[in-house]
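Asker: Counting from 171, one number per residue, gives the positions in the sequence shown under my numbering. Let me give you the structure first, and then I'll get to my questions.
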Amino acid sequence: MPTYRYTAKTDGCETCLDGFEVLQALSDEPLTACPSCKVAIRRVIGGATCMTSQRWNEKKLLSDDNLRKNGFKKLVKSGDGKYVDVLKT
Ligand SMILES: [Zn+2]
171 MPTYRYTAKT
181 DGCETCLDGF
191 EVLQALSDEP
201 LTACPSCKVA
211 IRRVIGGATC
221 MTSQRWNEKK
231 LLSDDNLRKN
241 GFKKLVKSGD
251 GKYVDVLKT
């Protein structure tokens, strides 16, 4: 599970002004309020853990298996100038 970093949008308590981290599943809704003082908070994109899992997801999304499963074509130019669907088996 990735760790997400949150900070207060404007004003907040000691916890959220400095920012804090929450362990959340990818499917969890992002937090919108500080658990301690209830001010509006936002998720900070770009934490190390977060970046890694995003990259991993992109790779997985563009894998041949996933493209095929979702009905995409992957056209690659073959030697004689024609495009062939490499996912077609
Ligand atoms: Zn707070």
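Every residue, glycine too, gets a C-beta built ideally from N, C-alpha and C. As the structure is a prediction and not an experimental result, all values here were calculated from the model.
Output the distance between the C-alpha atoms of residue 244 and residue 237, rounded to the nearest integer angstrom.
Answerer: Using only the alpha carbons, I get a separation of about 8 Å.
Asker: If you measure from the CB of residue 209, is any heavy atom of ligand 3 nearer than 7 Å?
Answerer: For the structure depicted, ligand 3 is absent and the ligand set comprises only ligand 1.
Asker: Is the beta carbon of residue 201 closer than 8 Å to that of residue 172?
Answerer: Cβ atoms of residue 172 and residue 201: not closer than 8 Å.
Asker: Check whether the Cβ of residue 178 lies closer than 7 Å to any heavy atom of ligand 1, and answer yes or no.
Answerer: Flag set: Cβ of residue 178 near ligand 1.
Asker: Quick check on residue 252: does DSSP put it in helix, strand or coil?
Answerer: Coil.
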